[in-house]
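This report concerns only the one structure given below.
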Ligand code: FAD
Ligand code: KPC
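In the UniProt record's numbering, the protein residues as written are 1 to 525.
Shown next as structure tokens:
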């Protein structure tokens, strides 16, 4: 490890990405002996415009914006790196595991053919992938610190929990720091079900999985939950060759707004062998003689069910980390613990703003970063208004599922003349046609066409405006970010037909629009 200072003073130290990696590794292994990592300008006598309590995506982006505006900020974070939970236990591991799920589905679909090895009966390691992530995550952590320090000129104190004293003051390891404003970005944590056995060894949520997995899970895995995280991890576990049983309280993947898209997604999950039990309530988790989980008990529509397993993964949403703000400031929260803010991101306490997961859904990176940016502007005296609305969304199964705007059902409730264009086309023989074809689905299109994805564009036939887009496959989510903006600006089928596709594009929407744009009375395709 390169020594770049103990308890220390990193201000103007010539750090590198590598030296930060060493520092972070040391601190994660031994937080106490590392002490606080301080990058505070001793020569700047200006008052801080804002202290960001929590340096996750929300706090880091807010800080960068405030600094770019010429203000003075300080971030305090208990972890030894900036960037928060996304690179540590949330988005980044989820993307690694979802990539494994996609790769393994491909490998299993063509097992023993071409260059694919025979995976019949082969189970691949979950622990190996978790260990791989735990080692690899230090890379993004180090870049976040390097970029924040050397390129963004941020001031921060890391590896140091903050204690809020009042609406201008934060205490960090005995030292008090004052600012004109506090901006709270304390994040959220897994909402763990309160059932007997929840703390047994072998029972994990997304965070404890990457921190504490110490054994290779056996052949049956129980996943509790039915939304993004549960599905993403469930599909990964399934792709490793294990039996996965998903216990879903209500309806699986309710958040996918288009029924055809949702059905295609769920049908493919079932086809990969995932057992889905809807209407199931987790009743308890039983321990074996070794103190590890031995079985899960659930109340299901078919009666009580006991499932023998040594590995349980639960994902029932997240709870904002608002306790400290409530205790110290009496800040107002809703019944789910989210700090209540107005459209200027002001809390119920003067000079205190809140951002990111702490203010509740949507708990997504775009909102964390944007709310940080808007709060910075507010703290610097600008009149802002930020309410997340009309965002594109995605999740992973073994596929990437992306959507924006309205699903067909809601579109038909709101518009009298809804036109859809879909791929594969409606076909009396089902999905067995070799389209869609595109990036990463070509082998499926040639040999197992029903696996090559599903896409649907929804148009208001009267105004010719595009009002929804839905995609199951790979590589669409990048385009959906931009498409969403165009749609909000009123993009029509005619304008879409004028675009230039990068054929074979993962989204077939441009060419489908061009095929139909000549029609005065639009018809389905
Ligand atoms: P965090 O990043 O959690 O930051 C909060 C910070 O506060 C942390 O760094 C923490 O150390 C610090 N802190 C807490 N208490 C204290 C204290 N007392 N003193 C000092 N510091 C403190 N979103 C996407 O857009 N795409 C994805 O693919 C995606 N995948 C996800 C996968 C999973 C499994 C999960 C759970 C979430 C995922 N999300 C994803 C959501 C995304 O991770 C969050 O919305 C985002 O990280 C929230 O950022 P934040 O800054 O609000 O909170
Ligand atoms: C993958 C990666 O960019 C690191 S996670 C992002 C953390 S932050 O830039 O603070 O939103």
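All residues carry an ideal CB built from backbone N, CA and C; glycine is no exception.
Are the CB atoms of residue 435 and residue 109 nearer to each other than 9 Å?
Here the question's residue 435 lines up with position 435 in the chain shown. Here the question's residue 109 lines up with position 109 in the chain shown. Going by C-beta atoms, residue 435 is not nearer than 9 Å to residue 109.
Excluding the five sequence neighbours on either side, which residues of its own chain have a C-beta within less than 7 Å of the C-beta of residue 160, listed in chain order?
Residue mapping note: residue 160 aligns to position 160 of the chain shown, counting from 1. Excluding positions up to five away in sequence, the list reads 36, 76, 78, 172, 173.
Straight-line CA distance for residue 414 to residue 231?
Translated into the one-based positions of the chain shown, residue 414 becomes position 414. Translated into the one-based positions of the chain shown, residue 231 becomes position 231. Going by the C-alpha atoms only, they are around 30 Å apart.
For the segment 235–263, list the beta strand (DSSP E) runs that are entirely contained and at least 3 residues long, ordered along the chain.
With a minimum length of 3 residues, the continuous beta strand (DSSP E) runs that stay inside the segment 235–263 are 243–248.
Helix or strand or just coil, what does DSSP make of residue 340?
Start at 1 with the first residue of the chain shown, and residue 340 comes out as number 340. Residue 340: coil per DSSP, three-state reduction.
Could you name each continuous alpha helix (DSSP H) segment of 4 residues or more that falls completely within the segment 268–349, going from the start of the chain to the end?
Runs found: 323–329.
According to DSSP, which residues form a beta bridge with residue 38?
The residue labelled residue 38 in the question sits at position 38 within the chain shown. In the DSSP output, where bridge partners are listed per residue, residue 38 has 9, 157.
With distances taken from CA atoms, which of 23, 210, 38 is nearest residue 97?
In the chain shown, counting from the first residue as 1, residue 97 sits at position 97. Nearest of 23, 210, 38 to residue 97, Cα basis: 210.
Can you name the start and end residues of the beta strand (DSSP E) that residue 401 belongs to?
Position 401 of the chain shown, counting from 1, holds the residue named residue 401. Its beta strand (DSSP E) spans residues 400–405.
Between the alpha carbons of residue 58 and residue 356, how many angstroms are there, rounded?
Here residue 58 refers to the residue found at position 58 when the chain shown is read from its first residue. Here residue 356 refers to the residue found at position 356 when the chain shown is read from its first residue. Cα to Cα, the separation comes out at about 5 Å.
Between 291, 245, 263, which has its C-alpha nearest residue 528's C-alpha?
Absent from the structure is residue 528, since the part of the chain shown begins at 1 and ends at 525.
Considering just the uninterrupted stretch of the beta strand (DSSP E) at residue 171, what are its terminal residues?
On the chain shown, position 171 is the one that residue 171 refers to. Here the beta strand (DSSP E) through residue 171 covers 169–172.
Applying the 10 Å Cβ sphere with the 16-neighbour rule, what's the burial state of residue 133?
As a position in the chain shown, residue 133 is number 133, starting the count at 1. That one is buried.
Does DSSP put residue 383 in a helix, in a strand, or in coil?
Stepping through the chain shown from its first residue, residue 383 is reached at position 383. Reduced to three states, the DSSP call for residue 383 is coil.
May I ask you to report which of helix, strand or coil DSSP gives residue 429?
As a working note, residue 429 is residue 429 in the chain shown. Three-state DSSP puts residue 429 in coil, outside helix and strand.
Measuring CA to CA, which of 25, 426, 158, 138 is closest to residue 54?
In the chain shown, the residue the question calls residue 54 occupies position 54. Ranking the options by Cα distance to residue 54, first place goes to 158.
Mark residue 391 as exposed unless 16 or more other C-beta atoms lie within 10 angstroms of its C-beta, in which case mark it buried.
Here the question's residue 391 lines up with position 391 in the chain shown. It is exposed - the Cβ of residue 391 has fewer than 16 other Cβ atoms within 10 Å.
Using C-beta distances below 6 Å, list every residue in its chain close to residue 148, excluding the 5 sequence neighbours before and after it, in chain order.
Here residue 148 is taken as the residue at index 148 of the chain shown, counted from 1. These residues qualify, in order along the chain: 82, 154.
Please tell me whether, using a cut-off of 8 Å, the distance from the CB of residue 83 to the nearest non-hydrogen atom of ligand 1 is below it.
In the chain shown, counting from the first residue as 1, residue 83 sits at position 83. Result yes, Cβ under 8 Å from ligand 1.
Quick check on the burial criterion: 16 or more other C-beta atoms within 10 angstroms. Buried or exposed for residue 409?
Locating residue 409 in the chain shown gives position 409, counting from the first residue. Classification of residue 409: exposed, given that the 10 Å Cβ count is below 16.
First and last residue of the alpha helix (DSSP H) that includes residue 445?
Within the chain shown, the letter at position 445 stands for residue 445. Counting along the chain, the alpha helix (DSSP H) containing residue 445 begins and ends at 442–447.
Starting from residue 131, trace the alpha helix (DSSP H) both ways and give me its first and last residue.
Translated into positions along the chain shown, residue 131 becomes position 131. Element bounds for residue 131: 127–136.
Quick one: residues in its chain with C-beta nearer than 8 Å to the C-beta of residue 294, no 5 flanking neighbours on either side, listed in chain order?
Here the question's residue 294 lines up with position 294 in the chain shown. Once the five neighbours on either side are set aside, the close Cβ partners of residue 294 are 286, 287, 288, 308, 309, 310.
Quick one, are the C-beta atoms of residue 191 and residue 50 less than 9 Å apart?
Translated into the one-based positions of the chain shown, residue 191 becomes position 191. Translated into the one-based positions of the chain shown, residue 50 becomes position 50. Result no, Cβ atoms of residue 191 and residue 50 do not sit closer than 9 Å.
From 196, 426, 399, 165, pick the residue whose C-alpha is nearest to that of residue 326; which is it?
Along the chain shown, one-based indexing puts residue 326 at 326. If we check each option's Cα against that of residue 326, 165 comes out closest.
To the nearest angstrom, report how far apart residue 461 and residue 433 are at their CA atoms.
Within the chain shown, residue 461 is the residue found at index 461, counting from 1. Within the chain shown, residue 433 is the residue found at index 433, counting from 1. Using only the alpha carbons, I get a separation of about 27 Å.
Under 8 Å from any heavy atom of ligand 2, does the C-beta of residue 373 make it?
Start at 1 with the first residue of the chain shown, and residue 373 comes out as number 373. No - ligand 2 has no heavy atom lying nearer than 8 Å to the Cβ of residue 373.
Nearest-angstrom Cα distance between residue 116 and residue 342?
On the chain shown, position 116 is the one that residue 116 refers to. On the chain shown, position 342 is the one that residue 342 refers to. Near 55 Å, if we compare the C-alpha coordinates of residue 342 and residue 116.
For residue 207 versus residue 321, is the C-beta distance shorter than 9 Å?
Position 207 of the chain shown holds residue 207. Position 321 of the chain shown holds residue 321. No.
Any heavy atom of ligand 1 inside 8 Å of the beta-carbon of residue 198?
Residue mapping note: residue 198 aligns to position 198 of the chain shown, counting from 1. Checking every heavy atom of ligand 1 against the Cβ of residue 198, none is found closer than 8 Å.
From residue 93 to residue 379, what does the alpha carbon distance come to, in whole angstroms?
Position 93 of the chain shown, counting from 1, holds the residue named residue 93. Position 379 of the chain shown, counting from 1, holds the residue named residue 379. Cα-Cα distance, rounded: 33 Å.
Starting from the Cα of residue 183, find the closest Cα among 499, 492, 377 and give me that residue.
Translated into the one-based positions of the chain shown, residue 183 becomes position 183. When only C-alpha atoms are compared, the closest one is 377.
Over what stretch of residues does the alpha helix (DSSP H) that includes residue 206 continue unbroken?
Here residue 206 corresponds to residue number 206 of the chain shown, with the count starting at 1. Residues 206–212.
Report the three-state DSSP secondary structure of residue 466 (helix, strand or coil).
For the purposes of this step, residue 466 is identified with residue 466 of the chain shown, where counting begins at 1. Strand at residue 466.
Just the Cα atoms here: how many angstroms apart are residue 338 and residue 386?
Position 338 of the chain shown, counted from the start, is the residue given in the question as residue 338. Position 386 of the chain shown, counted from the start, is the residue given in the question as residue 386. Approximately 16 Å between the Cα atoms of the pair.
Between residue 249 and ligand 2, is the CB less than 8 Å from at least one heavy atom?
In the chain shown, counting from the first residue as 1, residue 249 sits at position 249. Not so, every heavy atom of ligand 2 lies at least 8 Å from the Cβ.
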